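Engineer:
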Amino acid sequence: MIVRSSADIQSGGQTKFSAILHGTWLMLAVFAIAGLLRMVPLASLAAILLLVGYKLAKPSLFTAMWRSGLPQFIPFVVTVGFMAITNDLLRGVALGLALAFIHILWKNFKVPFHYDPHRYKPGMPIYIELSEDVTFLNKAGIKRTLSEIPDGARVVIDGGRSYDLDPDVREIRR
Numbered sequence: 534m535i536v537r538s539s540a541d542i543q544s545g546g547q548t549k550f551s552a553i554l555h556g557t558w559l560m561l562a563v564f565a566i567a568g569l570l571r572m573v574p575l576a577s578l579a580a581i582l583l584l585v586g587y588k589l590a591k592p593s594l595f596t597a598m599w600r601s602g603l604p605q606f607i608p609f610v611v612t613v614g615f616m617a618i619t620n621d622l623l624r625g626v627a628l629g630l631a632l633a634f635i636h637i638l639w640k641n642f643k644v645p646f647h648y649d650p651h652r653y654k655p656g657m658p659i660y661i662e663l664s665e666d667v668t669f670l671n672k673a674g675i676k677r678t679l680s681e682i683p684d685g686a687r688v689v690i691d692g693g694r695s696y697d698l699d700p701d702v703r704e705i706r707r
């Protein structure tokens with residue numbers, strides 16, 4: 534369907550009607566000249582498919598994704614590579630989404646708050662600024678940081694930027 538839609542757009546199709554008409558012509562050709570279509574060499578069909586695939590994933594697209602950074606590039610390349618090797622679009626997209634999801638979880642787990650111990654001066658409060666989303670995944674890191682704070686120090690936890698503060702994090706006691 535993606536190849537058919539791409540071919541329709543490259544042929545000048547601009548409306549939904551052109552996509553329906555294109556599908557109708559293909560269906561009529563399959564029914565009307567099925568025997569003739571079976572005579573088309575598979576190598577020719579493969580060449581057409583490779584050309585359309587090249588147009589869908591141009592080298593300039595790879596360059597643009599590379600410039601976007603590794604968090605964008607790695608899931609993209611893995612998705613395209615998996616689809617090229619297995620010929621399975623759905624599983625390739627699922628793999629790419631899974632990689633992106635893992636990256637989001639890791640990023641969220643890694644940076645739940647900002648605390649710079651080098652800025653601490655004795656007698657001054659310690660500022661800990663929470664990120665936008667602080668989930669149960671961040672609980673251990675926050676507990677570890679709080680346990681490293683010297684006894685008797687005053688701590689200010691700034692949650693002003695936080696949209697979501699998980700109840701598991703709220704229940705942390707020193």
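Here the sequence shown is numbered in my numbering, starting from 534 and rising by one per residue.
Glycine residues also receive a C-beta, built at the ideal position from the N, C-alpha and C atoms.
Only a predicted model underlies this, so the values are computations on that prediction, with no experimental measurement involved.
Cα-Cα, which of 683, 670, 676 and 638 is closest to residue 659?
Structural biologist: Of the candidates 683, 670, 676 and 638, the one whose C-alpha sits nearest the C-alpha of residue 659 is 683.
Engineer: Grab me the residues of residue 688's own chain with a C-beta within less than 7 Å of its C-beta, minus the 5 sequence neighbours each way, in chain order.
Structural biologist: Closer than 7 Å at Cβ, skipping near neighbours: 658, 659, 661 and 682.
Engineer: Run through the DSSP bridge pairs and tell me what residue 667 is partnered with.
Structural biologist: DSSP, once it has assigned bridges, lists 698 as partnering residue 667.
Engineer: If we count the other Cβ atoms within 10 Å of its Cβ and call it buried at 16 or more, is residue 629 buried or exposed?
Structural biologist: Buried: at least 16 other Cβ atoms inside 10 Å.
Engineer: Within 7 Å of any Cβ in chain B, is that where the Cβ of residue 577 sits?
Structural biologist: Within the model displayed, chain B is absent; a lone protein chain is all it includes.
Engineer: Between residue 591 and residue 637, what straight-line distance do the alpha-carbon atoms span, to the nearest angstrom?
Structural biologist: Taking the straight line joining both Cα atoms gives about 27 Å.
Engineer: For residue 615 and residue 625, what's the separation of their Cα atoms in angstroms?
Structural biologist: Roughly 5 Å between the two C-alpha positions.
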